[in-house]
Amino acid sequence: MPCIILFFVQIIIPFVVGGKVPAIIVFGDSTVDTGNNNQILTVLKSNFPPYGRDYYDNKATGRFCNGRIPPDFISEAFGLRPFVPAYLDPMYNITDFAVGVCFASAGTGYDTATSHVLNVMPIWKEIENYKEYQKRLEAYVGIQKSKYIIEEALYIVSMGTNDFLENYFAMQSVRAFQYTTEQYRGFIIGHVENFIKEIYQLGARKISLTGLPPMGCLPLERAANMLRGQGDTCNNDYNDCALKFNEMLSALIQKLNKELPGIRIAFANPYGIILQMVQNPASFGFEVERIACCGTGLFEMSYLCNKLNPLTCPDPNKYVFWDSFHLTQKTNQIITNSLMKNVLHQFV
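Per mature numbering (1 follows the signal peptide of the UniProt record, and there is no 0): the sequence shown = residues -18 to -1, 1 to 330.
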């Protein structure tokens, strides 16, 4: 029993190391968006209860979670602030962004067509905002310090799931007519390579590149399986797609680490640990892994996950998933602790 108790303590206490990283800079989708979608015209928002009910002051910030998400925990682990502000949030300015800034937009992907599905920021717009940030940073801290921050910052890049679930595998998908699944994986990998090379040219050197999760095990995909009469199980085709994509991403990382002088790309692969939580939730202190905390736990997210829904669970710490597409704060913390211990410690 003491060993089990010790294990639980280790996985839920924040992993804090401090280190030489002066800032956290974030690109991606809803897995890392800390509130940029609040400021754009899209239906994909989460700046209302019960989102954020376990965040500071119980505030719904636009994070697709009941509390904090991975960039927040990573920032804290490197001895910086326990949160990373969204670049478009008018509450923050360059004094805040000098130590951490998020350009991510929920619903986006590497494929520009993905951003059109829900009218969110395409990845090129995230880069344009980053270029603007660099100019503001230089004006604030000077050329030398700005160069130091840009080159020594840890860049978190997390997206790709939407390219498949919201775009390629969606009904009447144009991409599905244009490409086989294998071809589309290659198409996205090409976009990943171009994106990494672009931020490298802009100064990025330390990069955490996130792979795909077992996306067939998301509550929304389980619910879709049930509607198709295939039972309450993960969609194995989607999981297989994620595994094959991650293999290609790993190979790309090895290639770029050899080709680009001074770059250090770490593969932050969430697939294994999330699958472990789904297959053996009790070992991580969870009780529910098939459905999410919010609403029925089957399909609600964004505006369908709201304070008027009487079915939302009282204790999200018992759940792996917060809404049908996103993880709880506890799950995010466990994943971050694992990444810090096994992957990101190299940047300390």
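Ideal placement from N, C-alpha and C gives every residue a C-beta, glycine not left out.
In the displayed model, K27 falls within coil according to three-state DSSP, outside both helix and strand. Of the residues assessed, K312 falls on the buried side of the cut-off, its CB having 16 or more other CB atoms within 10 angstroms. Taking all protein chains in view, the Cβ of R246 is surrounded by fewer than 16 other Cβ atoms within 10 Å, so the residue is classified as exposed.
Residues of the same chain with a CB within less than 8 Å of the CB of C216, apart from the 5 flanking positions on each side, are P196, G198, C199, E203, R204, N207, V260 in chain order.
Secondary structure at V174: helix, using DSSP grouped into helix, strand and coil. Take P72, set aside five residues on each side of it, and no residue of its chain has a beta-carbon closer than 7 Å to its own. In its chain, beyond the 5 residues on either side, N19, I22, T24, L26, S87, A88, G89, T90 have a beta carbon closer than 8 Å to the beta carbon of V102.
The stretch 237 to 290 contains, as complete beta strand (DSSP E) runs of 3+ residues, the segments 246 to 250 (chain order). Nearest in C-alpha terms to W106, of all of L100, D93, Q116, is D93. Contact between the stretch 53 to 60 and the stretch 306 to 326 is established, with three or more Cβ pairs separated by less than 8 Å. Distance from the CA atom of M283 to the CA atom of L184, rounded to whole angstroms, is 35 Å. If you check the CB distance, S28 and F9 do not come in under 8 Å. With contacts defined by Cβ atoms closer than 8 Å, L191 and L231 form a contacting pair. Straight-line measurement puts the Cα of P67 at about 11 Å from the Cα of I76.
The way I'd put it, the stretch 297 to 308 does touch the stretch 265 to 276; three or more beta-carbon pairs between them come closer than 8 Å. When the five nearest sequence neighbours on each side are left out, the beta carbons in the same chain lying within less than 6 Å of the beta carbon of N111 are those of Y69, F85, in order along the chain.
Per DSSP, Y115 lies in no beta strand (DSSP E) segment; the continuous alpha helix (DSSP H) that holds it begins and ends at 105 to 123.
Q212 and P201 have their C-alpha atoms some 14 Å from each other. Under DSSP, I6 shares a beta bridge with G82, L136. In terms of CA proximity to I178, F249 leads the group F303, Y74, F249, L62. At a Cβ-Cβ threshold of 8 Å, P52 and T310 do not count as neighbours.
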